[in-house]
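Each residue of the sequence shown is one higher than the one before, counting from 193 in the working numbering. Positions of the beta carbon are idealized from the N, C-alpha and C atoms, including for glycine. In this text the structure is predicted, and so the values were computed from the model without any measurement. These notes are about the structure you will find just below.
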Amino acid sequence: MNLVQHPPVADSARIASAAERAIQLAESLLRRAETFETPVERGRMKRVARLIADHPLRSVVMGMTDRFWRSKSASRTASTWRHLLSQFGAAEAGGQPSTDRLMLKLGGTASRYLSPLVIPLARRRLRQETAEVVLPAGEPAFSRYLRRRSSGSFRLNINQLGEAVLGQGEARRRLEGVLRLLARPDVNYASVKISAIYSQINVLAWDQTLAAIKERLRLLYRAAGKAGKFVNLDMEEYRDLGLTAAAFREVLDEPEFLPLAAGIVLQAYLPDSAARQRELTEWAKARRARGGAPIKVRLVKGANLAMEQVEAEWHGWRQAPFLTKGETDAAYKRMLEFACRPENAAAVRLGVASHNLFDVALAITLMRDAGVEGAVDFEMLEGMADAQARAVMEEVGSLLLYVPIVREADFGSALAYLVRRLDENTAPGNFLADLFSMKVGSPAWEAHKAAFLRAWESRDSVGDQPRRRAPAPRDPHGFSNEPDTDWVLAENRDRLAAALRPAAKAVALPEALDRDGVEAALASAGRAQPGWESLGAERRAAILLACADAMAAQRFATIGVIRGEGKKAIPEADTEISEAIDFARYYAGHAAPPPGTEASALGVVVVAPPWNFPYAIPCGGVLAALAAGNAVILKPAPETRRIGFHLAEQLWATACRAMPSSA
193 MNLVQHPPVA
203 DSARIASAAE
213 RAIQLAESLL
223 RRAETFETPV
233 ERGRMKRVAR
243 LIADHPLRSV
253 VMGMTDRFWR
263 SKSASRTAST
273 WRHLLSQFGA
283 AEAGGQPSTD
293 RLMLKLGGTA
303 SRYLSPLVIP
313 LARRRLRQET
323 AEVVLPAGEP
333 AFSRYLRRRS
343 SGSFRLNINQ
353 LGEAVLGQGE
363 ARRRLEGVLR
373 LLARPDVNYA
383 SVKISAIYSQ
393 INVLAWDQTL
403 AAIKERLRLL
413 YRAAGKAGKF
423 VNLDMEEYRD
433 LGLTAAAFRE
443 VLDEPEFLPL
453 AAGIVLQAYL
463 PDSAARQREL
473 TEWAKARRAR
483 GGAPIKVRLV
493 KGANLAMEQV
503 EAEWHGWRQA
513 PFLTKGETDA
523 AYKRMLEFAC
533 RPENAAAVRL
543 GVASHNLFDV
553 ALAITLMRDA
563 GVEGAVDFEM
573 LEGMADAQAR
583 AVMEEVGSLL
593 LYVPIVREAD
603 FGSALAYLVR
613 RLDENTAPGN
623 FLADLFSMKV
633 GSPAWEAHKA
643 AFLRAWESRD
653 SVGDQPRRRA
663 PAPRDPHGFS
673 NEPDTDWVLA
683 ENRDRLAAAL
693 RPAAKAVALP
703 EALDRDGVEA
713 ALASAGRAQP
723 GWESLGAERR
733 AAILLACADA
743 MAAQRFATIG
753 VIRGEGKKAI
763 PEADTEISEA
773 IDFARYYAGH
783 AAPPPGTEAS
793 ALGVVVVAPP
803 WNFPYAIPCG
813 GVLAALAAGN
823 AVILKPAPET
833 RRIGFHLAEQ
843 LWATACRAMP
853 SSA
């Protein structure tokens, strides 16, 4: 269900015409940008346009950017270079020969014999090529940059690159780096991700993680308040959305920070962001009513689509972002419109972060229509499209540049950012991908204009609920892996807490069998086996599928048992249960022998699994044997008897319910 707040009826005609007026302004901005281009910028844009059009060459450049700093060995890096050239054929693939192609081919050949000389030169060239996008943080280069860029109407948002830190020591070092930035008289605005200042983010330890993040935010906010600086919380993974928003609100609600203005990023490619924007806006209004400062919401399209897609496929979830760029564009426009309403802009300053001139022009149009010019910032990435940035700055009076910086020793931290930017900005349908060769009225311009209008018309029809709440579609004709539990969703954490809350009752386990007991068990299993086999493969498969459903329904209780006796972390216990469910469904699908063959059961099978995977491994052994018509005796490891007994009870109870009464 969409909870879209519509503007008053009297504003409908004005809003309906906003898109057409925005298109006219976008055309003006692009034409103005053409007059601002310097020869150096024009040459750079032509090189980028050639790179975008030359897909094999682009693949090699992206691969080199990603891999040239992975190894300190020049010979190994040279081997990677040659492998990329052979894999993508950049030196020979279609199109006319270019200087870039020739240099790559010559460098690759020379690296075979002179890698200690060639590789450092190639790395230096790549660093120079990226220096306009990721700036050096070392001195005196950084101070020179700040003096040059801060003149005029440009303002700078400094982002010290380095997310996904590996340990608390590195996290503290990055936090100290941001504090040093805020202490500089020539830095007024800084962005930081929670993943860059705290390395142990764990949504299952929500309260502990939130408390640790808040402790670090207080340090940043105190430094910012003392020096009159602005701190913006960036967003990275979907996992971090709830924690970032909670820490942001709870710290700024503390009396000490009520006078402080601070910001947060929302990504429009997440349907959840629209609802989060409304929540933050209502909270900010209440904070203002208590005498607090306004907050700022910086709107971006999205930062990490490929990673979100991989994580979703890995765990069997729906991806958190929208499936199409059109949906993302529509959601972005909906959020722009909401933010520009005067009643909202009074409490929440808007940051319009985009290079899409249609979206920038729309935000300008909405801003001016609503009379909220003083509550909107326009933001662009440093080094991406300087002429367009100057055109926008001339139109609105100022521009905030997002400036990633990195020390040379930490340049590996910038690789994820660089590759992501290369991937996003050269992807089909991205405005920047076409901007480097686009003219008003060209086919590319008309295509983007049509996409803009479609997104504007559909802005109220896109969803605003978390996509991961819905189960991923299963293959109706084949095998699908059981999804792991999505701990980002609060309802799953609540269900786990409820399952773990009651004190575990001691379950009386069977006594160890003596020789006579073993003989009796074997005899009992032998008597039962023919009846089980006579059910037939189809009926046994149905019972195994029922077992899979039962294990899925009892997942949280089983996690408690594995955690209690097996001492496994909750995420590891959870994935083990998913694997056990997969075994049940897989063996159900393979219970029948292949066509043209006959099969008979062995009789009685003993499954004696190890202790390290106390649920999945015994489940796989038991169910494989059962699927083939055997009777099974489970002998779990002594260290995990209770888990084995829990599994046996689950399977036995389900089989008893599912078997015919005559069996």
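Is the beta carbon of residue i less than 7 Å from the beta carbon of residue j?
{"i": "Ile773", "j": "Ala740", "result": "yes"}
{"i": "Arg366", "j": "Ala333", "result": "no"}
{"i": "Leu462", "j": "Trp679", "result": "no"}
{"i": "His640", "j": "Phe623", "result": "yes"}
{"i": "Gly757", "j": "Ile809", "result": "Residue identity differs from the one stated: residue 757 is Glu in this sequence, not Gly. Going by C-beta atoms, Glu757 is not nearer than 7 Å to Ile809."}
{"i": "Pro596", "j": "Asn351", "result": "yes"}
{"i": "Ala415", "j": "Leu374", "result": "yes"}
{"i": "Phe748", "j": "Arg693", "result": "no"}
{"i": "Asn822", "j": "Leu794", "result": "yes"}
{"i": "Gly508", "j": "Asn673", "result": "yes"}
{"i": "Gly543", "j": "Arg490", "result": "yes"}
{"i": "Arg482", "j": "Ala539", "result": "no"}
{"i": "Lys517", "j": "Gly633", "result": "no"}
{"i": "Ala545", "j": "Glu587", "result": "no"}
{"i": "Arg777", "j": "Ala765", "result": "no"}
{"i": "Phe260", "j": "Arg347", "result": "no"}
{"i": "Ala647", "j": "Ala522", "result": "yes"}
{"i": "Leu425", "j": "Ile405", "result": "no"}
{"i": "Arg213", "j": "Thr473", "result": "no"}
Based on Cα-Cα distance, which residue from the options lies nearest to residue i?
{"i": "Ile762", "options": "Tyr524, Ala720, Ala682, Thr677", "result": "Thr677"}
{"i": "Tyr594", "options": "Gln392, Pro668, Leu338, Gly812", "result": "Leu338"}
{"i": "Ile487", "options": "Ala495, Lys493, Ala478", "result": "Ala478"}
{"i": "Ser650", "options": "Met427, Lys525, Ser265", "result": "Lys525"}
{"i": "Ser342", "options": "Glu574, Leu313, Ala664", "result": "Glu574"}
{"i": "Gly566", "options": "Arg849, Met572, Ser590, Ala545", "result": "Ser590"}
{"i": "Glu331", "options": "Val598, Asp766, Asp708", "result": "Val598"}
{"i": "Leu313", "options": "Ala270, Pro328, Trp648", "result": "Ala270"}
{"i": "Ala225", "options": "Val798, Leu549, Trp475, Arg646", "result": "Leu549"}
{"i": "Gly709", "options": "Ala729, Ile825, Ala745, Ala783", "result": "Ile825"}
{"i": "Leu458", "options": "Gly420, Leu435, Pro447", "result": "Leu435"}
Just verifying my parser: in three-state terms, what is the DSSP assignment at residue i?
{"i": "Ile350", "result": "strand"}
{"i": "Ala415", "result": "helix"}
{"i": "Leu705", "result": "coil"}
{"i": "Asp569", "result": "strand"}
{"i": "Lys296", "result": "It should be noted that the sequence gives Leu, not Lys, for residue 296. Helix at Leu296."}
{"i": "Val632", "result": "coil"}
{"i": "Val379", "result": "coil"}
{"i": "Ile386", "result": "helix"}
{"i": "Phe805", "result": "coil"}
{"i": "Pro289", "result": "Reliability fails at Pro289, whose pLDDT of 48 lies under 50, so the model's placement of it is uncertain and the value that follows must be treated cautiously. Three-state result, Pro289: coil."}
{"i": "Phe671", "result": "coil"}
{"i": "Gln657", "result": "coil"}
{"i": "Leu458", "result": "strand"}
{"i": "Leu425", "result": "strand"}
{"i": "Arg268", "result": "helix"}
{"i": "Arg372", "result": "helix"}
{"i": "Gly330", "result": "coil"}
{"i": "Val680", "result": "coil"}
{"i": "Pro596", "result": "strand"}
Express the C-alpha separation of residue j and residue i in angstroms, rounding to a whole number.
{"i": "Ala642", "j": "Met527", "result": "20 Å"}
{"i": "Glu471", "j": "Asn349", "result": "25 Å"}
{"i": "Ile735", "j": "Ala847", "result": "6 Å"}
{"i": "Pro830", "j": "Pro802", "result": "9 Å"}
{"i": "Leu497", "j": "Pro513", "result": "7 Å"}
{"i": "Glu233", "j": "Asp578", "result": "8 Å"}
{"i": "Glu519", "j": "Phe644", "result": "11 Å"}
{"i": "Ser391", "j": "Gly361", "result": "9 Å"}
{"i": "Gln469", "j": "Asn536", "result": "10 Å"}
{"i": "Gly286", "j": "Trp637", "result": "Summary for Gly286: the model assigns pLDDT 44, below 50, so the residue's position carries little reliability; its value from the coordinates is reported in the next sentence. The alpha-carbon atoms of Gly286 and Trp637 are separated by roughly 26 Å."}
{"i": "Ile386", "j": "Leu843", "result": "44 Å"}
{"i": "Arg660", "j": "Lys297", "result": "45 Å"}
Is residue i near the ligand MG, in the sense that its beta carbon is under 6 Å from a heavy atom of that ligand?
{"i": "Ala783", "result": "In terms of ligand content, the structure shown is empty, and the ligand MG therefore cannot be addressed."}
On the criterion of 16 or more Cβ atoms from any shown chain inside 10 Å, does residue i qualify as buried, or is it exposed?
{"i": "Thr789", "result": "exposed"}
{"i": "Asn804", "result": "exposed"}
{"i": "Val568", "result": "buried"}
{"i": "Phe671", "result": "exposed"}
{"i": "Ser383", "result": "buried"}
{"i": "Ser209", "result": "exposed"}
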